[in-house]
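Residue numbers (my numbering): 575 to 952.
Glycine residues also receive a C-beta, built at the ideal position from the N, C-alpha and C atoms.
Since the model is a prediction, treat every value here as computed from it, not as a measurement.
Taking it in order: structure first as structure tokens, then the write-up.
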Amino acid sequence: MDDSNQSAARAAAGADSLEWNFTIMSRTSPWSVEQGMTQLLAHQNAEGFGPSLADAMQDDARIIHELGQRETPTAVAALRAYQAMSTVDTQRELARMHADRLVRQGAPEPPWAATVGRVRVDGCWWAHDQFGETAAVLCGFSYDGAHQHGILAVIDRAIGGGLIRELLLGMDVDALLDILHGGGDDGGELVSEPLDAAYARRLIEDAIATSDEISENRQYKLRPLPVAYRKMRGLTLARARALSDAPAPPEQFPTTVEIELLKRAFLGSDASAGLPTGEATGRAVDLLVTQFVEQAACHPLQLGPRRVTAVLGLPGLASDAAEDPAVGRILPDVARAWISWSATERGLPLAAAERLDQAGRQACGQLRAAVAGGQESV
């Protein structure tokens, strides 16, 4: 059997499985359909193993096409569930088109078709630290008061768009609020407050996109995603879409010109007064800021303890500095000065600035040792 025949056979088997599931779910509530469908979209077995997300999305596309060829009530029900719950925009639209056509041809709609996924947003809250490195986002939903539930996402924002560290579904939103108000485990106080729904959508979608990328790329060796991540992913993204018509616009990232102006401002500040004058200091600033912007995907002033530790601990930074001995000697001092200057420029409270300084001191010491070791091997 060639690849195309194997793919067709898998799609037919997948469609059979979906139809069988919807013989059970055809008369249930929209909330039950959503919970069941998000489990099916995870494509995991009982042990938690399954195909990559890319392969799973291809499988879903083939199954949607196969279901569209079946003029059965269960095929329409499965397509309506895909329309509400698929994580891919084009697949939701394809499922809708197939389902609409089958209904026009005489297949009946499931009783929940008009309401599945159309939840009421009952509130959004978040807890966040002063550095912008941690965000715990809680959003509550219901079907006009029925089937109340909340999704709590704990996001590590130290790198890029953030990584999902915890993902919880609870039927008692007040209990989840108690967890949110209880603070975090990062050693600092988290401020909890109401959150704009469009901003909540952006935080969740950005974190899932980054988490997907890292989980699918074997070159990253970071802490694994939560066990519930795949099984919660479809429902979480569906609820994020329900929060607002569009996510809040991304935060403004400095342009190349603005970054150059920041470097000049730093070199002219009191923070850099103790650094040697000369080209080596300028090159060290260039190297450091490039690491924050390109490797951590962060604004070079929006620094926190974990972000500093991660960036200064990158092997590439030490090896690049070791290749230029003049830069290698000065880079740890430049980093200490930049970290201190960033805290002043942001106006961090004294306690937060001290935490950042402590992390910077430790990270710069390790960077100095790493650069020295690299220079010995050059």
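To the nearest angstrom, how far is the alpha carbon of residue i from that of residue j?
i, j, result
"ASP760", "PRO800", "With a pLDDT of only 45 at ASP760, under 50, the local geometry of the prediction cannot be trusted, and no value is derived from it."
"THR784", "ILE729", "11 Å"
"ALA649", "GLU593", "6 Å"
"GLY642", "HIS672", "5 Å"
"GLY947", "GLY934", "20 Å"
"THR855", "GLN704", "30 Å"
"ALA701", "HIS873", "21 Å"
"GLY808", "ILE778", "12 Å"
"GLU834", "LEU742", "42 Å"
"VAL878", "VAL867", "The residue asked about is misnamed: residue 878 is Gly in this sequence, not Val. Rounded to the nearest angstrom, the two C-alpha atoms are 14 Å apart."
"ASP770", "TYR717", "20 Å"
"ALA820", "ALA772", "7 Å"
"GLU707", "GLY680", "53 Å"
"GLU667", "ALA917", "47 Å"
"LEU924", "ILE725", "34 Å"
"GLN865", "LEU891", "7 Å"
"LEU713", "LEU922", "Residue 713 is actually Cys in this sequence, not Leu. Each residue's alpha carbon lies about 28 Å from the other."
"PRO798", "ASP629", "20 Å"
"GLU787", "ARG804", "13 Å"
"THR829", "LEU836", "11 Å"
"ALA710", "PHE623", "27 Å"
"GLN932", "ARG910", "10 Å"
"ALA774", "VAL945", "40 Å"
"ALA847", "ILE913", "14 Å"
"VAL690", "GLY588", "22 Å"
"PHE840", "GLY735", "26 Å"
"ALA822", "GLU640", "36 Å"
"ALA651", "SER581", "23 Å"
"SER591", "GLN665", "18 Å"
"LEU751", "ARG857", "48 Å"
"ALA658", "PHE596", "15 Å"
"GLU919", "GLU825", "18 Å"
Using alpha carbons as the reference points, say which of the options lies closest to residue i.
i, options, result
"ALA720", "GLY697, VAL693 and PHE705", "VAL693"
"ALA812", "GLN609, ALA586, GLY642 and ALA933", "GLN609"
"ARG880", "PRO604, ALA937, GLY947 and LEU615", "ALA937"
"LEU676", "LEU653, THR664 and SER660", "LEU653"
"LEU615", "THR830, ALA687 and ASP634", "ASP634"
"ALA943", "ARG929, VAL662 and ILE904", "ILE904"
"THR883", "ALA870, SER893 and ALA845", "ALA870"
"SER818", "CYS698, GLN826 and THR689", "CYS698"
"ALA781", "ARG739, ALA896, LYS805 and ASP898", "ARG739"
"PRO889", "LEU930, ASP898 and LEU941", "LEU941"
"PRO684", "THR602, PRO899 and ASP663", "THR602"
"ALA585", "GLY744, LYS837 and GLN632", "GLN632"
"PRO850", "ASP898, ASP907, LEU754 and ALA749", "ASP907"
"GLU790", "PRO604, PRO625 and LYS805", "PRO625"
"ARG776", "MET745, VAL747, ILE753 and THR810", "THR810"
"TRP605", "PRO682, ALA587 and PHE715", "PHE715"
"GLU645", "ASP674, SER893 and VAL831", "ASP674"
"ILE733", "LEU886, VAL945 and ALA896", "LEU886"
"PHE827", "LEU764, ASP748, LEU875 and ALA651", "LEU875"
"VAL695", "LEU930, TRP686, ALA896 and ALA816", "ALA816"
"ALA900", "THR664, ARG920, LEU861 and MET659", "LEU861"
Just list the residues that DSSP pairs residue i with in beta bridges.
i, result
"ARG838", "Paired residue(s): none; ARG838 is not in a bridge."
"GLY744", "GLY724"
"ARG813", "The partner list for ARG813 (beta bridge, DSSP) is empty, contrary to what the question assumes."
"VAL859", "Per DSSP, none; premise fails for VAL859."
"THR708", "ASP730"
"ARG694", "SER716"
"ILE738", "ILE729"
Just verifying my parser: in three-state terms, what is the DSSP assignment at residue i?
i, result
"TRP700", "strand"
"VAL831", "helix"
"CYS713", "strand"
"ARG797", "coil"
"PRO604", "helix"
"GLU767", "strand"
"CYS938", "helix"
"ARG666", "helix"
"GLN618", "coil"
"TRP579", "A small correction: the amino acid at residue 579 is Asn; Trp does not occupy that position in the sequence shown. Here ASN579 sits in helix by DSSP."
"GLY852", "coil"
"LEU592", "helix"
"PRO879", "helix"
"GLY624", "coil"
"VAL873", "Note on residue identity: the sequence assigns His, not Val, to residue 873. Of the three classes helix, strand and coil, the one that applies to HIS873 here is coil, per DSSP."
"ALA847", "coil"
"GLY680", "coil"
"ASP674", "helix"
Can you find a heavy atom of the ligand MN that lies under 8 Å from the Cβ of residue i?
i, result
"ARG678", "In terms of ligand content, the structure shown is empty, and the ligand MN therefore cannot be addressed."
With a floor of 4 residues, list each alpha helix (DSSP H) that falls wholly inside the region 883-935, ordered by position along the chain.
-> As far as the region 883-935 is concerned, its whole alpha helix (DSSP H) runs of at least 4 residues are 889-896 and 899-920.
List in chain order: all unbroken alpha helix (DSSP H) runs of 4+ residues lying wholly within the region 637-663.
-> The qualifying runs are 647-659.
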